[in-house]
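2 protein chains.
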Amino acid sequence: MADLSTCAPLTRQSVIEAHELIKSKIHLTPVLASTYLNQLASTPREISTGSDSNRGPAKPVFRLWFKCENLQRIGAFKARGAFHAVEKLKKDPTFIEQGGLSKGVVCFSAGNHAQAVALAARESNLPAYIVMPETSSPTKIKSVEGYGAALTLCGRFQREAVAARIIEKTGARLIPPYDHPDVILGQGSVGLEMQSQIPKLGAIVVPSSGGGLLSGTALSCEGTGIHVYGAEPEFEGADDGRRGFLSGQRITHVASNSIADGLIGKLGEYPWGIIYERKLVSMMYAMSEEEILAAMKLIFERLKLVVEPAAAVPLAVVLYNEEFREMVESTAGEEGWDVGIILSGGNVGAERISELFA
Amino acid sequence: MADLSTCAPLTRQSVIEAHELIKSKIHLTPVLASTYLNQLASTPREISTGSDSNRGPAKPVFRLWFKCENLQRIGAFKARGAFHAVEKLKKDPTFIEQGGLSKGVVCFSAGNHAQAVALAARESNLPAYIVMPETSSPTKIKSVEGYGAALTLCGRFQREAVAARIIEKTGARLIPPYDHPDVILGQGSVGLEMQSQIPKLGAIVVPSSGGGLLSGTALSCEGTGIHVYGAEPEFEGADDGRRGFLSGQRITHVASNSIADGLIGKLGEYPWGIIYERKLVSMMYAMSEEEILAAMKLIFERLKLVVEPAAAVPLAVVLYNEEFREMVESTAGEEGWDVGIILSGGNVGAERISELFA
Chain A
1 MADLSTCAPL
11 TRQSVIEAHE
21 LIKSKIHLTP
31 VLASTYLNQL
41 ASTPREISTG
51 SDSNRGPAKP
61 VFRLWFKCEN
71 LQRIGAFKAR
81 GAFHAVEKLK
91 KDPTFIEQGG
101 LSKGVVCFSA
111 GNHAQAVALA
121 ARESNLPAYI
131 VMPETSSPTK
141 IKSVEGYGAA
151 LTLCGRFQRE
161 AVAARIIEKT
171 GARLIPPYDH
181 PDVILGQGSV
191 GLEMQSQIPK
201 LGAIVVPSSG
211 GGLLSGTALS
221 CEGTGIHVYG
231 AEPEFEGADD
241 GRRGFLSGQR
251 ITHVASNSIA
261 DGLIGKLGEY
271 PWGIIYERKL
281 VSMMYAMSEE
291 EILAAMKLIF
301 ERLKLVVEPA
311 AAVPLAVVLY
321 NEEFREMVES
331 TAGEEGWDVG
341 IILSGGNVGA
351 ERISELFA
Chain B
1 MADLSTCAPL
11 TRQSVIEAHE
21 LIKSKIHLTP
31 VLASTYLNQL
41 ASTPREISTG
51 SDSNRGPAKP
61 VFRLWFKCEN
71 LQRIGAFKAR
81 GAFHAVEKLK
91 KDPTFIEQGG
101 LSKGVVCFSA
111 GNHAQAVALA
121 ARESNLPAYI
131 VMPETSSPTK
141 IKSVEGYGAA
151 LTLCGRFQRE
161 AVAARIIEKT
171 GARLIPPYDH
181 PDVILGQGSV
191 GLEMQSQIPK
201 LGAIVVPSSG
211 GGLLSGTALS
221 CEGTGIHVYG
231 AEPEFEGADD
241 GRRGFLSGQR
251 ITHVASNSIA
261 DGLIGKLGEY
271 PWGIIYERKL
281 VSMMYAMSEE
291 EILAAMKLIF
301 ERLKLVVEPA
311 AAVPLAVVLY
321 NEEFREMVES
331 TAGEEGWDVG
341 IILSGGNVGA
351 ERISELFA
């Protein structure tokens, strides 16, 4: 990882510069819309309200815009942060002096970050050492090997230790999955693209785990008037971001088996600073497994897009979270809101799809 | 349907005019590519060749371009033909004189054509009578109702009789699913778009059932030097197009239960004239159920797109049909070919996806 002292400040301008640096290496992914989903989201939910309730279900009006990061290189937004981290490293004098170009980079990840670092390293002819848990999906393992990375499989809780040993032995630099300014600034480029692709964008709903994508997107919106919201699974405490946001204290331990397996990590320190301390995220919402699955089905059936469960959480918030829907009704009124939804990734195998929809 | 006497000649110019007429009503669907699928398609297959074989597997070189008609309105290319048929009707003096604008249109279909006609009629404020077999998927039935069409459910083999009764009673005009010049010219617009979207397009592989899409695409390529190939399932004789193509005699009865349920109809007369008699299609290929399913899985896992099984047949040809691959090797040599693949539709429910991938 680039020395922290060499990192750009965490500002919208730095996101713009990060985007300049990587835009020739990533896809400008399309934005899709669906008349059906707009109607569905703009229809009041059939919910039973308490007998002493003064009001029925919320009546928000939505125009939804789906940013297809499942069509990004390696099938997820993670390519953005990995390419940016590698490009910044290549400009870091210390890295060069220490022979970094031949020593390479290392990362540990069970998923999309592993593929992203392997790809970004290959395109810069840097050696890449990837540490993955043995339980990773065979598809992802094969994909990392396909990019020519040196792969080390390890036990589920040994990833950091194994990576540390590789670093000691090879001198390679660590590229962490989310808790680093260069990674956050790279992920934020998705928000900039949405601002140029979507007319009158009023808000963006973003899946949140470590918070790299959420905090990067929030930085990209600073000063624009666009509201940014985080979306998490609530199962077995995976809503650490929301709980921390409401209590004012970052939560540092999470162990959930949510179907949204891309979102079970804990919010990182840098993201927390942007999301909570700087108040660049307006609110965090958490959704049930059933709601996430229902949203995922709609994305398959109506948008014709393959997404992993994590990518369906923002649509679940829009369709099923009454607190969010009431907020949109009172904020945007009858005119309604243009809301961007980040479909963060599509890396889910056919067998897993079959299990989820059975 | 517009009187045949009022139809434009079946030429590339007529496809261009059809495209002009409908392009504000349809999506210009994106074209996607995949480095992985290019590599896979350009890798010789591991096949056992006979001991007296002089050669191993073919070594074709592909650059594949996927035309995303699954992202078309109603989720399939059928919107093109339906919009064109309706627009032509609205310009037909006889139709107007006979009160057609208030009498409306009728069609029979279990699938995408029903949704396409319902949508096209609604957008022109024409009444639409849709006849669907009772066995149609609930999703498709709901979708047709959602477009405000008058729906009649009937037994599997009663569709034409029921439609005839509706025509007699209401005076509505029939819009057939494929065997009419206006429908064929509308479908052909997809080929024109591909010619403008794909650099150095050498060939297009097209799913074929009734042959509206295949013959329309072939018309759009006439005189351009672009080769057009048809792709069918072979299960239980669904390869009627190929068998007719090889024997010189159109086959008029098909009854197959291929998983590619969009491709089990028989080739129509107008399509046959274009495909076989005018030789605008170079060859037809037929694929097994296993090969179609394998290609469908790759489209889900690698392109992150939801497609119905019918839409996967062209990729199956490219990856697994040795006759096709040998032809590409000998035609395009080491330089290789830019081959367009039409992903014809994405209307498949989550439950069916689950069954197919189980």
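Heads up: the protein sequence lines correspond to chains A and B, in order.
For the first sequence, position 137 (counting from the first letter as 1) is numbered 137 according to UniProt numbering, and the numbering increases by one without interruption.
For the second sequence, position 16 (counting from the first letter as 1) is numbered 16 according to UniProt numbering, and the numbering increases by one without interruption.
By construction, the Cβ of each residue, glycine as well, lies at the ideal position given by its N, Cα and C atoms.
What you are looking at is a predicted structure, and each value in this text was computed from that prediction instead of being measured.
task = Have a look at I275(A) and G244(A) and give me their C-alpha separation to the nearest angstrom.
result = Position 275 of the first sequence holds residue 275(A). Position 244 of the first sequence holds residue 244(A). Spanning the two alpha carbons is a distance of roughly 11 Å.
ask   = F342(B) to Y229(B), Cα distance in whole Å?
value = One-based indexing of the second sequence puts residue 342(B) at position 342. One-based indexing of the second sequence puts residue 229(B) at position 229. With the sequence shown as reference, residue 342(B) is identified as Ile, and Phe is not the correct amino acid for it. Going from the Cα of I342(B) to the Cα of Y229(B) covers about 11 Å.
message = Residues of chain B with CB closer than 9 Å to the CB of residue 369(A), please, in chain order.
response = The displayed coordinates of chain A run from 1 to 358. Any statement about residue 369(A) would go beyond what the structure contains.
ask   = Among R325(B), L246(B), K23(B), which has the Cα closest to the Cα of S189(B)?
value = For the purposes of this step, residue 189(B) is taken as the residue at position 189 of the second sequence. Of the listed residues, the one whose Cα sits closest to S189(B) is K23(B).
query = With DSSP run on the structure shown, which of helix, strand or coil describes L21(B)?
reply = The count along the second sequence starts at 1 and reaches residue 21(B) at position 21. It is helical.
Nearest residue (CA-CA) to L356(B), options M287(B), L280(B), S258(B), P207(B) = Here the question's residue 356(B) lines up with position 356 in the second sequence. When each option's Cα is compared against that of L356(B), the closest is S258(B).
inquiry  = Please confirm whether L151(A) has its beta-carbon closer than 8 Å to some beta-carbon of chain B.
reply    = Along the first sequence, one-based indexing puts residue 151(A) at 151. Not one chain B Cβ lies under 8 Å of L151(A).
ask   = Do you know whose CA, among I184(A), E289(A), V281(A), E301(A), lies nearest K78(A)'s CA?
value = For the purposes of this step, residue 78(A) is taken as the residue at position 78 of the first sequence. Comparing Cα positions, the closest option is I184(A).
query = Can you tell which of W272(B), R325(B), A76(B) has its C-alpha closest to the C-alpha of L214(B)?
reply = If you number the second sequence from 1, residue 214(B) lands on position 214. Closest by alpha carbon: W272(B).
key: Min CB distance L32(B) to chain A below 8 Å   = Translated into positions along the second sequence, residue 32(B) becomes position 32. Yes - at least one Cβ of chain A is within 8 Å of the one on L32(B).
In chain order, each beta strand (DSSP E) run of at least 3 residues that lies wholly inside the segment 119 to 162 of chain B = DSSP runs (the beta strand (DSSP E)) wholly in the segment 119 to 162 of chain B: 128 to 133, 150 to 154.
Nearest-angstrom Cβ-Cβ length linking R73(A) and L40(A), presumed shorter than 8 Å = Working through the first sequence from its first residue, we reach residue 73(A) at position 73. Working through the first sequence from its first residue, we reach residue 40(A) at position 40. Not confirmed; about 31 Å, so no contact.
message = Let me see if you follow: with CB-CB separation under 8 Å, is S354(B) close to chain A or not?
response = One-based indexing of the second sequence puts residue 354(B) at position 354. Judged by the 8 Å Cβ criterion, S354(B) is in contact with chain A.
key: Opening and closing residue of the beta strand (DSSP E) in which V228(A) lies   = Here residue 228(A) is taken as the residue at index 228 of the first sequence, counted from 1. Taken as a continuous stretch (DSSP letters only), the beta strand (DSSP E) holding V228(A) covers 227 to 233.
query = From the beta carbon of L28(B), is the nearest beta carbon of chain A less than 8 Å away?
reply = For the purposes of this step, residue 28(B) is taken as the residue at position 28 of the second sequence. Not an interface residue.
query = Which residues, in chain order, does the segment 70 to 83 of chain A contribute to contact with chain B at a C-beta distance below 7 Å?
reply = N70, L71, G75
ask   = Alpha carbon to alpha carbon, how far is K67(B) from P30(B)?
value = The residue you call residue 67(B) lines up with position 67 of the second sequence. The residue you call residue 30(B) lines up with position 30 of the second sequence. Approximately 6 Å, taken between the alpha carbons.
ask   = Regarding E335(B) and the ligand FMN, is the C-beta to nearest heavy atom distance less than 7 Å?
value = This structure simply doesn't include the ligand FMN, nor any ligand for that matter.
inquiry  = Taking the beta carbon of H84(A) as the centre, do at least 16 other beta carbons fall within 10 Å, making it buried, or is it exposed?
reply    = Taking the first sequence and counting its residues from 1, the one referred to as residue 84(A) is at position 84. The residue is buried, with at least 16 neighbouring Cβ atoms inside 10 Å.
query = Does DSSP put D239(B) in a helix, a strand or coil?
reply = Mapped onto the second sequence, residue 239(B) falls at position 239. Assignment of D239(B) by DSSP, reduced to helix, strand and coil, places it in the coil class.
ask   = Between the segment 7 to 27 of chain B and the segment 105 to 122 of chain A, are three or more C-beta pairs nearer than 8 Å?
value = No, the segment 7 to 27 of chain B is not in contact with the segment 105 to 122 of chain A.
Contact set between F357(A) and chain B, taken where Cβ atoms lie within less than 8 Å = One-based indexing of the first sequence puts residue 357(A) at position 357. Here the neighbours are A350, E351, I353, S354.
ask   = Helix, strand or coil: how does DSSP classify L37(A) here?
value = One-based indexing of the first sequence puts residue 37(A) at position 37. Helix.
task = With a threshold of 16 other CB atoms inside 10 Å of the CB of N70(A), please say whether the residue is buried or exposed.
result = By one-based count along the first sequence, residue 70(A) stands at place 70. Under this definition N70(A) is a buried residue.
key: Start and end residues, beta strand (DSSP E) containing L343(A)   = Counting from 1 along the first sequence, the entry for residue 343(A) is found at position 343. Counting along the chain, the beta strand (DSSP E) containing L343(A) begins and ends at 337 to 343.
request  = Taking only the alpha-carbon atoms, compute the straight-line gap between E46(A) and I204(B) and give it to the nearest angstrom.
outcome  = Here residue 46(A) refers to the residue found at position 46 when the first sequence is read from its first residue. Here residue 204(B) refers to the residue found at position 204 when the second sequence is read from its first residue. The alpha-carbon atoms of E46(A) and I204(B) are separated by roughly 47 Å.
message = Counting C-beta neighbours from all protein chains within 10 Å, is the total for K88(B) 16 or more, i.e. buried, or is it exposed?
response = The residue given as residue 88(B) occupies position 88 in the second sequence. The residue in question, K88(B), is buried, as its Cβ has 16 or more Cβ neighbours within 10 Å.
task = List the endpoints of the continuous beta strand (DSSP E) containing residue 360(A).
result = Given that chain A is displayed from residue 1 to residue 358, the structure contains no residue 360(A) and the question cannot be resolved.
task = Specify, as a first and last residue, the run of the beta strand (DSSP E) that S201(B) falls within.
result = Indexing the second sequence from 1 puts residue 201(B) at position 201. Checking the displayed sequence, the identity of residue 201(B) turns out to be Leu instead of Ser. 201 to 207 is the span of the beta strand (DSSP E), which, as asked, contains L201(B).
task = Please compile the residues from chain A whose C-beta is within a distance smaller than 8 Å of the C-beta of G346(B).
result = Walking along the second sequence from the start, residue 346(B) turns up at place 346. Neighbours of G346(B) on chain A, chain order: K304.
message = For E351(B) and Y147(A), what's the separation of their Cα atoms in angstroms?
response = Numbered from its first residue, the second sequence carries residue 351(B) at position 351. Numbered from its first residue, the first sequence carries residue 147(A) at position 147. If you take the alpha carbons of E351(B) and Y147(A), they lie about 34 Å apart.
Contacts of T139(A) in chain B (Cβ-Cβ under 8 Å) = As a first step, residue 139(A) must be located in the first sequence, where it is residue number 139. Here the neighbours are E301.
query = Using CA coordinates, which residue listed in V117(B), Y36(B), S220(B), A260(B) is at the minimum distance from M287(B)?
reply = Within the second sequence, numbered from 1, the residue matching residue 287(B) stands at position 287. Of V117(B), Y36(B), S220(B), A260(B), the residue nearest in Cα terms is A260(B).
key: the segment 134 to 147 of chain A in contact with the segment 165 to 172 of chain A per 3-pair CB rule at 8 Å   = no
Given 8 Å, three or more beta-carbon pairs between the segment 304 to 316 of chain B and the segment 229 to 238 of chain B = yes
task = Taking F270(B) as the reference, give the member of T224(B), A238(B), L263(B), L219(B) with the closest Cα.
result = By 1-based counting over the second sequence, the position of residue 270(B) is 270. As written in the sequence, residue 270(B) is Tyr, which differs from the Phe given in the question. Measuring from the Cα of Y270(B), the nearest candidate turns out to be L219(B).
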